[in-house]
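Below: one structure, written as structure tokens.
Residue numbers (the UniProt record's numbering): 1 to 680.
Here's what the structure looks like:
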């Protein structure tokens, strides 16, 4: 039902409040609403957060915004994990109404003494009904005296009411009438890694693998893979993601390059899970044991890395599930179990699970598996193809785990239609793979960055993977090392989470055939032996470049947030320019009835604001130049602002204004990553 002072079109609200909007601990985000009333009286509105314990936090004042009629906004932040809510309190503000009318009528000589009397009475009510501090009350008492003193000149009495100190107190401690409450709206607050992270993916069997003179290869193990963790941590990554580490099926095993005719030495795809050695709760014997996995996790933790494990709910034909629970799969008319297909792709080595057959049994088994790996230190799961499983299954599973272990996170590997990707995010997935790989032109990049930062930011958190074992975009195939730097810069600065699959830093880019996005000699089907140290020694590795990008992400809060992004006009179809900023968080300390409300974060130039401008040449083959036009108004800056910009890649510093000349030669550097200082 509409309140006496109506509040409408509230953001962030997901599916009319059916699902919570998302935030992380300490993340500043805007709450907006259209607040209005009949007539011309003044009004006000606050946002009030309530924490998971039911404690009401200090209200934060909503201020008018330049976009939209009657729209107001406040920037807030939550400080603990859990299920929060927020409400919007709106009210009629009689003191603000009087102040507005008095300034007009008294100067016009209309109802002068009546206006002064009404103002004095309202201020007396203010003293009785608000809980302002003692020094504030003294200021207001002096104002009341001035308003009632008819011996003083009219101008002096009005000046007392319009004193900035008085107006500030009236705004900070409003006299509220016709109070209306809209909400509560749900807000799920999660740990930082739900939004922010640098991911590195590698196959343990390739790390520490040894190639022999006869062409044979001794695969790596979890113990040898643990030695690679030092290099991953040194590059500044936060998460090491492992494809499935379980036994690999032997029935219908794939050979090199997805061949149907494997040799005796072919190792198979890790996603064909299950064999005589066990299923999803076991470690492949060639990789080691659970103790080896525990040692891997322990070493990663010591280096500041989290381990993300693949959760692929499917089975090889010789998985124990197939014998124990054949009802969990789909049986075709000829009596065979249906294998996975994504036409024209066929996966003869994988049986998909049919979640409509024995849903309770399947749910119990999956929950058991997830909790098994949680006990072994896994707090992040990368979920393979979640869009091919029922949403109701995921909503139940993720909801149950959130209730007991809110720090456990799930990344959706869902390359599918937007409604499904968005639905997975709404029902509980913390992050998602995206269409980033297929956004390469200036217009594509700009449109996608805006979409993620504005349209879906309340519920959808992107993870920009520059490559995956399944996806080698033609941009990388034909662009040379410059293309790899372009995509790395765009991923690391455009999204709070980004990811790299091993081999990217070596610019591996051979496709299995023209027009394909599959790698030649894909690591999905064989062991890769890479000379990491040799490549770095010879200057062939992008590891130092990735390291620098991750350093900048840690130095600049702006690069670790999603929402506050502005696209600027470059005037050149090959150059994209955008800025990101992080403003100071707003305290949400608990209120003690009548405490002064918080104030919405101000302009970009406020103390503590971090502003970064990225200018990127999207053409890996040619140099381009242009005039970049900054939208200073969108940054909360005056049109004549002078910015001192420091290029974090080259070390150069320039003075920038609204229009700035840029030339980027990919043979030298593909981008400017500019940290900003204001000269005013």
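Using N, Cα and C, we set each Cβ at its ideal position, and we do this for glycine too. All values derive from a computational prediction rather than experimental measurement.
Item checked: Reference residue 659; option with closest CA among 641, 675 and 668 -> On the chain shown, position 659 is the one that residue 659 refers to. Cα-wise, what sits closest to residue 659 is 641.
Note to self: Can you tell me whether residue 620 is helix, strand or coil according to DSSP?
What the structure shows: Locating residue 620 in the chain shown gives position 620, where the first residue counts as 1. Three-state result, residue 620: coil.
Check: Under the rule that 16 or more other beta-carbon atoms within 10 Å means buried, what is residue 1, buried or exposed?
Finding: Taking the first residue of the chain shown as 1, we reach residue 1 at position 1. When all chains shown are included, residue 1 counts as exposed.
Item checked: Endpoints, the beta strand (DSSP E) within which residue 104 is located -> Locating residue 104 in the chain shown gives position 104, where the first residue counts as 1. Counting along the chain, residue 104 falls outside any beta strand (DSSP E), though it belongs to the alpha helix (DSSP H) covering 94 to 105.
Item checked: Backbone CA spacing between residue 206 and residue 290 [nearest angstrom] -> Here residue 206 is taken as the residue at index 206 of the chain shown, counted from 1. Here residue 290 is taken as the residue at index 290 of the chain shown, counted from 1. Cα to Cα, the separation comes out at about 19 angstroms.
Check: With a cut-off of 8 angstroms, do at least 3 Cβ pairs link the segment 52 to 64 to the segment 98 to 113?
Finding: no
Notebook entry, point to check: Is the beta carbon of residue 422 less than 9 angstroms from the beta carbon of residue 465?
Noted result: Numbered from 1 along the chain shown, position 422 holds the residue referred to as residue 422. Numbered from 1 along the chain shown, position 465 holds the residue referred to as residue 465. No; because the gap between Cβ atoms is not below 9 angstroms, this pair is not in contact.
Check: Around the Cβ of residue 310, are there at least 16 other Cβ atoms within 10 angstroms (buried) or fewer (exposed)?
Finding: Looking up residue 310 in the chain shown gives position 310. When all chains shown are included, residue 310 counts as buried.
Item checked: Length of the line joining the Cα atoms of residue 493 and residue 125 -> In the chain shown, counting from the first residue as 1, residue 493 sits at position 493. In the chain shown, counting from the first residue as 1, residue 125 sits at position 125. Roughly 53 angstroms between the two C-alpha positions.
Margin query: If I measure Cβ to Cβ from residue 191 and keep anything under 7 angstroms in the same chain, skipping five residues before and after, which residues do I get?
Written below: Within the chain shown, residue 191 is the residue found at index 191, counting from 1. Excluding sequence neighbours, residue 191 sits near 24, 25, 81 and 407.
Next item on the list: Go ahead and pull the three-state DSSP assignment for residue 306.
Entry: Translated into positions along the chain shown, residue 306 becomes position 306. Strand, per DSSP.
Note to self: Short of 7 angstroms in beta carbon distance, which residues of its chain neighbour residue 233, apart from the five on each side in sequence? Order them along the chain.
What the structure shows: By one-based count along the chain shown, residue 233 stands at place 233. 303, 304 and 305, listed in sequence order.
Next item on the list: Pick helix, strand or coil for residue 447, following the three-state DSSP scheme.
Entry: For the purposes of this step, residue 447 is taken as residue 447 along the chain shown, with counting starting at 1. Helix, per DSSP.
Note to self: Within the continuous beta strand (DSSP E) that includes residue 568, where are the two ends?
What the structure shows: In the chain shown, the residue the question calls residue 568 occupies position 568. Unbroken beta strand (DSSP E) run through residue 568: 565 to 568.
Notebook entry, point to check: Rounded to a whole number of angstroms, what is the C-alpha to C-alpha distance between residue 252 and residue 198?
Noted result: The residue labelled residue 252 in the question sits at position 252 within the chain shown. The residue labelled residue 198 in the question sits at position 198 within the chain shown. Using only the alpha carbons, I get a separation of about 35 angstroms.
Notebook entry, point to check: Since residue 51 and residue 84 are thought to touch, with beta carbons under 8 angstroms apart, how far apart are those beta carbons, to the nearest angstrom?
Noted result: Taking the first residue of the chain shown as 1, we reach residue 51 at position 51. Taking the first residue of the chain shown as 1, we reach residue 84 at position 84. Indeed, because the Cβ distance is near 6 angstroms, the residues count as touching under 8 angstroms.
Note to self: Just to confirm my understanding: we take residue 352, look at its own chain, exclude 5 residues before and 5 after, and list those with CB closer than 6 angstroms. What are they?
What the structure shows: In the chain shown, residue 352 corresponds to position 352, counting from 1. Once the five neighbours on either side are set aside, the close Cβ partners of residue 352 are 314 and 340.
Note to self: So, at 6 angstroms on beta carbons, what are the nonlocal neighbours of residue 429 in its own chain, with the 5 sequence-adjacent residues on each side left out?
What the structure shows: Within the chain shown, numbered from 1, the residue matching residue 429 stands at position 429. Taken in chain order, the residues that qualify are 410 and 412.
Notebook entry, point to check: By DSSP, does residue 660 sit in helix, in strand, or in coil?
Noted result: What you label residue 660 is simply residue 660 of the chain shown in a count that begins at 1. In this structure, residue 660 counts as strand in the three-state DSSP scheme.
Checklist line | With 16 other Cβ atoms within 10 Å as the buried cut-off, status of residue 8 | finding: Within the chain shown, residue 8 is the residue found at index 8, counting from 1. Per the 10 Å Cβ criterion, exposed.
Item checked: residue 11 versus residue 454: straight-line alpha-carbon distance, rounded -> Walking along the chain shown from the start, residue 11 turns up at place 11. Walking along the chain shown from the start, residue 454 turns up at place 454. About 11 angstroms.
Margin query: Here's the rule: buried if 16 or more other CB atoms are within 10 angstroms of the residue's CB, otherwise exposed. What is residue 140?
Written below: By one-based count along the chain shown, residue 140 stands at place 140. Answer is buried; the Cβ neighbour count reaches 16.
Notebook entry, point to check: Taking just the CA atoms, how far does residue 470 sit from residue 540?
Noted result: Looking up residue 540 in the chain shown gives position 540. Looking up residue 470 in the chain shown gives position 470. Using only the alpha carbons, I get a separation of about 23 angstroms.
Check: Three or more beta-carbon pairs under 8 angstroms between the segment 61 to 74 and the segment 132 to 149, yes or no?
Finding: no
Next item on the list: With DSSP as the reference, label residue 467 as helix, strand or coil.
Entry: Reading the chain shown from its first residue, position 467 is the one you call residue 467. The answer is coil: DSSP assigns residue 467 none of H, G, I, E or B.
Next item on the list: Let me know the secondary structure DSSP gives residue 199 once reduced to three states.
Entry: As a working note, residue 199 is residue 199 in the chain shown. Residue state, collapsed to three classes: strand.
Margin query: Quick check on DSSP: helix, strand or coil for residue 580?
Written below: Translated into positions along the chain shown, residue 580 becomes position 580. It is a strand residue.
Notebook entry, point to check: Quick one, which of 497, 276, 73 and 221 has its alpha-carbon nearest residue 248's?
Noted result: As a position in the chain shown, residue 248 is number 248, starting the count at 1. Closest by alpha carbon: 276.
Notebook entry, point to check: What number of angstroms, rounded off, separates the C-alpha of residue 115 from the C-alpha of residue 157?
Noted result: The residue labelled residue 115 in the question sits at position 115 within the chain shown. The residue labelled residue 157 in the question sits at position 157 within the chain shown. Each residue's alpha carbon lies about 11 angstroms from the other.
Notebook entry, point to check: Can you list, in chain order, the residues of its chain whose CB lies under 8 angstroms from that of residue 337, leaving out five sequence neighbours each side?
Noted result: Mapped onto the chain shown, residue 337 falls at position 337. Only 317, 322, 326, 329, 330, 331 and 351 meet the Cβ criterion.
Check: residue 387 to residue 95, Cα distance in whole Å?
Finding: Your numbering for residue 387 matches position 387 in the chain shown. Your numbering for residue 95 matches position 95 in the chain shown. So the two alpha carbons sit approximately 55 angstroms from each other.
Margin query: Quick check: what's the CA-CA separation for residue 586 versus residue 47?
Written below: Mapped onto the chain shown, residue 586 falls at position 586. Mapped onto the chain shown, residue 47 falls at position 47. In this predicted model, residue 586 has a pLDDT of only 43, less than 50, meaning its place in the structure is not dependable enough to derive any value.
Check: Ends of the alpha helix (DSSP H) at residue 485?
Finding: As a position in the chain shown, residue 485 is number 485, starting the count at 1. Residues 474 to 494.
Item checked: Assigned exposure category for residue 179 - 16 Cβ within 10 Å defines buried -> For the purposes of this step, residue 179 is taken as the residue at position 179 of the chain shown. Residue 179 is exposed by the Cβ-count criterion.
Notebook entry, point to check: residue 27: buried (16+ other C-beta within 10 angstroms of its C-beta) or exposed?
Noted result: Position 27 of the chain shown, counted from the start, is the residue given in the question as residue 27. It is buried - the Cβ of residue 27 has at least 16 other Cβ atoms within 10 Å.
Next item on the list: Indicate the three-state DSSP secondary structure (helix, strand or coil) for residue 133 in the structure shown.
Entry: Along the chain shown, read from residue 1 onward, the residue named residue 133 stands at position 133. The answer is coil: DSSP assigns residue 133 none of H, G, I, E or B.
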